[in-house]
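Peer 1: Mind looking over this structure? Questions follow.
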Amino acid sequence: MTTPRERRGAVGNQIPPLIALIVLWMLLWGEFSWLNLLVALVVGIVVTVAFYLVPVQLSGRLHPLHTVVFFVRLILDIVRASIDVSWLAVKPRLVTSNAILEIRLRTRSDLILTWTAVATSIVPGSIVVDIDRESSILYLHVLNMQSARDIESFRRRVLDTERRIVRGFGSSEDVERMRGVRPADRRASRLKGTS
Numbered sequence: 004m005t006t007p008r009e010r011r012g013a014v015g016n017q018i019p020p021l022i023a024l025i026v027l028w029m030l031l032w033g034e035f036s037w038l039n040l041l042v043a044l045v046v047g048i049v050v051t052v053a054f055y056l057v058p059v060q061l062s063g064r065l066h067p068l069h070t071v072v073f074f075v076r077l078i079l080d081i082v083r084a085s086i087d088v089s090w091l092a093v094k095p096r097l098v099t100s101n102a103i104l105e106i107r108l109r110t111r112s113d114l115i116l117t118w119t120a121v122a123t124s125i126v127p128g129s130i131v132v133d134i135d136r137e138s139s140i141l142y143l144h145v146l147n148m149q150s151a152r153d154i155e156s157f158r159r160r161v162l163d164t165e166r167r168i169v170r171g172f173g174s175s176e177d178v179e180r181m182r183g184v185r186p187a188d189r190r191a192s193r194l195k196g197t198s
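Each residue of the sequence shown is one higher than the last, beginning at 4 in my numbering.
Following this line, the structure appears as structure tokens:
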């Protein structure tokens, strides 16, 4: 049974999405009117009740320098990977060896897991095909994995991305986990060849 305090907390967690939906509704209509605001409020309440989301545990911690480092490195990774994928597309003899990789992350935070998956997917040449939330495992389809060295290099890039996200946004517990846990062992990435 939930206490009144827990119920207030659950309602409070729905307020930010409700406000976001109201703002989105108003932007879609392009003008302010009291009727638009009332309809936005009603639609927002219906959506937040009908499609209830489990509250995300935000750490409340933001390290500005590490956040900038994360975004700069992400942009560099996107540019580098775009050039690599473009070269694969125009190369006279296109022979690629694609792979599905299983990469075990070190974090237990759903938010960090999601951000790592998104940051990895927006870099050309890789896409998340599945996530095992309970074990913090990402399954990724990756282009041009020619050798075990390529696989290990890609696995390290994903774990480095996770580390940068944790250093920029993660909770103190996640930061300690990054410091105390060695990078996942080599068995965490298995090659499952695909064509």
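We treat Cβ as the ideally placed atom computed from N, Cα and C, and that holds for glycine.
1) If you run the structure through DSSP and keep just helix, strand and coil, what is LEU91?
2) Taking Cβ positions, are ASP177 and SER112 nearer each other than 7 Å?
3) Would you decide whether SER129 is buried or exposed? Buried here means 16 or more other CB atoms lie within 10 Å of its CB.
4) Identify the residues that DSSP records as bridge partners of TYR142: which are they?
5) So, THR164 versus THR119, is the Cβ gap smaller than 7 Å?
6) What separation, rounded to the nearest whole angstrom, lies between the Cα atoms of ALA23 and SER124?
7) Does the segment 128 to 145 come into contact with the segment 69 to 83, if we say contact requires no fewer than three beta-carbon pairs (one atom in each stretch) closer than 8 Å?
8) For ARG107, tell me which candidate among LEU162, PRO20, LEU40, VAL14 has the shortest Cα-Cα distance.
9) Consult DSSP for PRO7 and reduce its assignment to one of helix, strand or coil.
10) With distances taken between CB atoms, is the gap from ILE115 to VAL45 smaller than 7 Å?
11) Find the nearest neighbour of ASN16 within the set PRO127, TRP37, ILE48, judged by alpha-carbon distance.
12) With distances taken Cα to Cα, identify the nearest neighbour of ARG166 among THR51, ARG96, LEU40, THR70.
13) Can you tell me where the alpha helix (DSSP H) holding SER124 begins and where it ends?
14) Helix, strand or coil for THR164, going by three-state DSSP, please let me know.
15) Report the rounded CA-to-CA distance for VAL42 versus PHE35, giving the unit in angstroms.
16) Where does the unbroken alpha helix (DSSP H) through THR51 begin, and where does it stop?
17) For ARG158, is the classification buried or exposed, using 16 other Cβ atoms within 10 angstroms of its Cβ as the cut-off for buried?
Peer 2: So, from the data block:
1) Correct three-state label for LEU91: helix.
2) Inclusion of ASP177 and SER112 in the CB contact set at 7 Å is warranted, their separation being smaller than that value.
3) Classification of SER129: buried, given that the 10 Å Cβ count is 16 or more.
4) GLU105, ASP133.
5) Yes. Within cutoff.
6) Going from the Cα of ALA23 to the Cα of SER124 covers about 25 Å.
7) By the Cβ criterion, the segment 128 to 145 is not in contact with the segment 69 to 83, since fewer than three pairs of Cβ atoms, one from each stretch, lie closer than 8 Å.
8) Selected option, being the one with the closest Cα: LEU162.
9) Here PRO7 sits in helix by DSSP.
10) No, the pair does not count as a contact, with Cβ atoms beyond the cut-off.
11) Among PRO127, TRP37, ILE48, the Cα nearest to that of ASN16 is on ILE48.
12) Checked all of THR51, ARG96, LEU40, THR70; the closest Cα to ARG166 is THR70.
13) 113 to 124 is the extent of the alpha helix (DSSP H) around SER124.
14) Residue state, collapsed to three classes: helix.
15) So the two alpha carbons sit approximately 12 Å from each other.
16) Per DSSP, the continuous alpha helix (DSSP H) segment holding THR51 begins and ends at 37 to 53.
17) Burial state of ARG158 is buried, judged by a 10 Å Cβ sphere holding 16 or more other Cβ atoms.
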